[in-house]
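Step one of this worksheet: look at the structure below.
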Amino acid sequence: MNIDLIITEMNFGGAERALTQLAIGLRDRGDDVRLFSFGKLPTADSLPKGNDRLVQQLHDEGIEVTSGGVQTSRGFLPATIQLRRWLGRRPGSLIQTFLWHANVLGMLNASSRQPRVAGIRVAEPNSLRLAVERQTLRKVDHVVCVSRAVETFAQQQLNLSPDRTSVIPNAVDVDAFASADPIDWTDLGWPADSPVVLFVGRLHTQKGLEHLQRTVERFAPEDSHRKLVLIGNGPLQNELATWAKQVPGDRVRVLTWQSNIASWIAASRVVVLPSRYEGMPNVILEAMAAGKPVVSSRVEGSQELIGHDPNQGFELNDDTALVHSLERFLADEDLATQTGQANQSRVRSQFTVDAMVDAYRELYAKIVA
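Taken in order, the sequence shown gives residues 1 to 369; the numbers are from UniProt numbering.
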């Protein structure tokens, strides 16, 4: 099959990693794959360091990557014209879009003769975006959702009939995370055996980080060796960095995105994700693959990943339950290890990259038949 993948940008993020895994997997199965990114492609000089890793992987695999060069909203018009020309060079290709801008602009510029598949990756309660996407997705043949909760959201909010949607969850390279060498906490000036609560993700209001700000004195009091590390970029970065410096006892660090994130997860005691909404969060899959316990709000795809163990979830806005769940793993290293091993077995059996790619390919074959 000729398959054209369209995405909003190719910075190192969850959706971008999933698309890269899909592109390489399809190519390995004999499909002719190419990719279009609206955003300017990151380079080796881009910050944070390693942000170009996915683009480099695609280049190394010989997959064509084209960029619309968008850096501001004004850039979308010329990029859309470029996309239309790019699509016109292979008018019979199947189109798969990832993320909101790609869903909307990709489908508006696709030929009616082309098989069209959109991807919904998060249950985002944005009424304007939903209204635009609702109209655009009337043109598609099928919509892939990353979790059952996101599928339900899409059917209800985007007026999609059940026969036009399906669920293909994200995947994780279990061995890459299971075998990662942990970082040394002494590099941060902390004891090597510090029990660390780790957050990895965009520093944005969506992630519910105020829950950690409110409760850090309870799960990592000053008279303990416990620590909290927040890793990521986003609009709250400066605010959180200022707050961390105000927490006495050098208990909290806010770091920009790290290229060796598997090593940070490997060194942590527990990974936390108190998000307001999600789709199918890669960081939970990665923590589970690394053999770590997770404490997550019970929202959308997060609940589907941790639902097998009620001790790894808490109801959104329930700070007491959040602290209780963290305390169980911080106070009992053996329990953390046992829970992490169960998590690793779960993702190894249910969330492999091969399974994800095969599911997409099976769907594409049905659509083009």
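C-beta atoms are modelled at their ideal positions from N, C-alpha and C, and glycine is treated no differently.
Put simply, the backbone Cα of Ala290 is about 27 Å away from that of Pro42.
Sequence-distant partners of Gln341 (beyond 5 residues in either direction) whose C-beta falls short of 7 Å from its own C-beta, in its chain, are Gly291. Straight-line spacing of the CA atoms in Ala266 and Leu26 works out to 30 Å. When Lys227, Ser259, Glu210, Gly232 are compared, the shortest CA-CA separation from Pro248 is found for Lys227.
Around the beta carbon of Asn317, fewer than 16 other beta carbons lie within 10 angstroms, which makes this residue exposed.
In the same chain as Trp86, and ignoring 5 residues on each side of it, the C-beta atoms closer than 7 Å to its own belong to Phe36, Thr66, in chain order.
By the criterion of a C-beta distance shorter than 7 Å, Arg361 is surrounded in its chain by Leu26, Arg29, once the five residues flanking it on both sides are discounted. Around the beta-carbon of His101, 16 or more other beta-carbon atoms lie within 10 Å, marking it buried. Taking each of Gly279, Ala123, Thr337, Arg346 in turn and checking the Cα distance to His308, the smallest one comes out for Arg346. Annotation: the segment 155–197 contains the following complete segments of the alpha helix (DSSP H) (minimum length 4 residues), in chain order: 174–178.
In this structure, the beta-carbon distance from Asn103 to Thr136 falls below 9 Å.
Rounded to the nearest whole angstrom, the C-alpha separation of Glu278 and Gly234 is 16 Å. Straight-line spacing of the CA atoms in Leu255 and Val283 works out to 16 Å. The three-state reading of DSSP puts Leu203 in coil, since its state is none of H, G, I, E or B. Under the DSSP assignment, Lys245 falls outside any beta strand (DSSP E), being part of the alpha helix (DSSP H) whose first and last residues are 237–246. DSSP places Glu64 within a strand segment (E or B) once states are collapsed to three. Look at the beta carbons and you see the segment 319–329 not touching the segment 125–143: under three pairs across the two are nearer than 8 Å.
For Ile6, the CB contacts under 6 Å within the same chain, skipping 5 residues up- and downstream, are Phe36, Thr97, Ala102, Gly106 in chain order. Fully enclosed beta strand (DSSP E) runs of no fewer than 3 residues occupy 94–98, 116–120 of the segment 77–123, in order along the chain.
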